[in-house]
Amino acid sequence: MAGPVTIWDAELMATWLQRSGRSPLDLHFTAYDNEIADVGLDIVLRHKSHWGDITIDWSNRSTSAPRLVSPFITAPTPLLWKFELLTNFDVDCAEEDSGVATQLTTLLESSPKLLSLCWYAQQYHHDGESVRLQGLALKHLRLLDLTCMISILECSHILRQIPLLEVCNLGFVENREGGEPLIDEAIVLLKLRRFALKTDENVSSFFRALQLPSLTHLTVEFRHNNNTLDGSLGPFHEWPQASFMSFLTRSACSLSRLSLNVPIAEDDLVKCLNHVSPTLESLFLVLKFDWPTFGNQTLALLTEPVPSQHGHRERKFPKLKIMTFYASLGEVAPHAFADMVESRWCFPEDEFQFENPDIVAVSVYGIPEEDLRRIRVMALRGKSGNITCF
Numbered sequence: 000m001a002g003p004v005t006i007w008d009a010e011l012m013a014t015w016l017q018r019s020g021r022s023p024l025d026l027h028f029t030a031y032d033n034e035i036a037d038v039g040l041d042i043v044l045r046h047k048s049h050w051g052d053i054t055i056d057w058s059n060r061s062t063s064a065p066r067l068v069s070p071f072i073t074a075p076t077p078l079l080w081k082f083e084l085l086t087n088f089d090v091d092c093a094e095e096d097s098g099v100a101t102q103l104t105t106l107l108e109s110s111p112k113l114l115s116l117c118w119y120a121q122q123y124h125h126d127g128e129s130v131r132l133q134g135l136a137l138k139h140l141r142l143l144d145l146t147c148m149i150s151i152l153e154c155s156h157i158l159r160q161i162p163l164l165e166v167c168n169l170g171f172v173e174n175r176e177g178g179e180p181l182i183d184e185a186i187v188l189l190k191l192r193r194f195a196l197k198t199d200e201n202v203s204s205f206f207r208a209l210q211l212p213s214l215t216h217l218t219v220e221f222r223h224n225n226n227t228l229d230g231s232l233g234p235f236h237e238w239p240q241a242s243f244m245s246f247l248t249r250s251a252c253s254l255s256r257l258s259l260n261v262p263i264a265e266d267d268l269v270k271c272l273n274h275v276s277p278t279l280e281s282l283f284l285v286l287k288f289d290w291p292t293f294g295n296q297t298l299a300l301l302t303e304p305v306p307s308q309h310g311h312r313e314r315k316f317p318k319l320k321i322m323t324f325y326a327s328l329g330e331v332a333p334h335a336f337a338d339m340v341e342s343r344w345c346f347p348e349d350e351f352q353f354e355n356p357d358i359v360a361v362s363v364y365g366i367p368e369e370d371l372r373r374i375r376v377m378a379l380r381g382k383s384g385n386i387t388c389f
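Numbering (numbering that gives the first Met the number 0), first residue to last: 0 to 389.
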């Protein structure tokens, strides 16, 4: 950890780095809001030839970008395997992200061992330009985590260059071009297990091109649209149900965790859940604004059948253990929610014992009182699991 605030701090850091020799350097550098931040970063850069695991936290400097590249500091970064950058520019300095992206392309071009790249960029408004990162050398990357504003076309180009990618979070995907972006070349990532996409773009062609056969964790969120300085809020794109289902079918993946914060109709949600039911372990359904809520149809699907007289039943979601409905449950019929919970709940008297699920439900209209009475009994008598309703 290094975060110099005086010139003496910086000199002490320089001495320590000089004594570290040529062994791989693991360093977390924090820049505070004064001129010593530039001094400290310059010292760190002059030792980049033996960088190993490096974090540069520039989030306290909100009006000026880090100087990551110098024509006089040209040493490669052959040992670098993990690089993390944090930025947080003011609204008036949103364009600094584009300059940082250009510097990153140069800084990391000689990093053949780079396995993990994270850039956590905080934006308060969407008036800046999308960054370009196509020049990055990412062939061996396993983890990519970007919250800088980037277009879906740029994401597509980048993903095709990372065949070994296992974890990917694209936290701010936005379209500055207008219209639906055309992605006509397949994006096949054989090893990608965890994928998160937060966007307000039209992603139909992206899902039509995407194939992730090893995917187990999927998060899709539709962000605020057009949150600009003038305060406007444009309409959300429609949920691309057909292309999303074709993506799931084509990938033939065993999805264990699904998180959706999108304007999906309940009929389409039921089709999606039916498709992933054999392997699903965790389900998170979140809604915002005036999106359509879910109700009886979804709860009926999630309700397991009553055991036969022989004690045997075919479970529709045999592995589902975590369910969260955040502002996504609308008005439901009496007992519909409690029936769903009890169908998955184990009591001490049951012949077949199993682990109870964890369930959180925040309903727009509230859970019916009779349901809550039944749920209180289950919560008190169950030897495992948790139920939270409000």
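C-beta: ideal position from N, C-alpha, C; glycine also.
The C-beta separation of N385 from D357 comes to about 5 Å, placing the pair in contact by the 8 Å criterion. When DSSP states are grouped into helix, strand and coil, M148 belongs to the coil group. Between the C-alpha atoms of A241 and S203 there is a straight-line separation of about 8 Å. Per DSSP, M244 has no beta-bridge partner at all. For E173, the secondary structure class from DSSP, reduced to helix, strand or coil, is coil.
For the pair D56 and K81, the CB atoms are not nearer than the 7 Å cut-off. Beta-bridge partners assigned by DSSP to V359: T323 and T387. Less than 7 Å separates the beta-carbon of T76 from that of S109.
From the listed residues L106, A74 and I35, the smallest Cα separation to L84 is found for L106. Counted as a single uninterrupted DSSP element, the beta strand (DSSP E) harbouring D56 occupies residues W50 to D56.
When the beta-carbon positions are compared, G381 and G329 stay at least 7 Å from each other. Within the region 275-299, complete beta strand (DSSP E) segments of at least 3 residues are found at 281-285, given in chain order. Following the DSSP letters along the chain, one finds V219 inside the beta strand (DSSP E) bounded by residues H216 to F221. Burial is judged here by how many other beta carbons sit within 10 angstroms of a residue's own beta carbon; Q121 has fewer than 16 and is exposed.
For the pair S276 and R256, the CB atoms are not nearer than the 7 Å cut-off.
Per DSSP, S97 lies in no beta strand (DSSP E); the unbroken alpha helix (DSSP H) holding it starts and ends at E95 to L106.
Around the beta carbon of M12, a 10 Å sphere encloses 16 or more other beta carbons of the protein chains shown; the residue is thus reported as buried. By the CB criterion at 7 Å, R21 and H46 fall outside the cutoff. In chain order, F324, Y325, A326 and F389 place their CB closer than 7 Å to the CB of V361, counting only its own chain and leaving out the 5 sequence neighbours on each side. Check the Cα spacing between C147 and each of L196, L140, I182 and V166: the tightest is with L196. Excluding residues up to 5 positions away in sequence, T146 and K197 lie with their Cβ nearer than 6 Å to the Cβ of G170 in the same chain. The residue among H274, D41 and H334 with its C-alpha nearest the C-alpha of L298 is H334. In the DSSP assignment, R193 falls within the unbroken beta strand (DSSP E) covering R193 to T198.
The alpha-carbon of V363 is positioned some 24 Å away from that of L319. When the Cα atoms are used, E10 and D25 turn out to be separated by approximately 19 Å. About 5 Å separates the beta carbons of Q210 and S250, which is inside the 8 Å limit, making them a contact pair.
For D25, DSSP records a beta bridge to D52. Membership of W15 in the alpha helix (DSSP H) is indicated by the continuous run I6 to R18. If you look at S204, you'll find it isn't in any beta strand (DSSP E); it sits in the alpha helix (DSSP H) that goes S203 to A208.
With 16 or more neighbouring CB atoms inside 10 Å of its own CB, A30 falls in the buried class.
For A120, there is no enclosing alpha helix (DSSP H); the residue is part of the beta strand (DSSP E) that begins and ends at S115 to A120. If you ignore the 5 residues before and after F243, its C-beta comes within less than 6 Å of the C-beta of F206, all in its own chain and listed in chain order. Take A64, set aside five residues on each side of it, and the residues of its chain with a beta-carbon closer than 6 Å to its own are E95, G98 and V99, in chain order.
A residue is called buried when at least 16 other Cβ atoms come within 10 angstroms of its Cβ; F221 meets this threshold and is buried.
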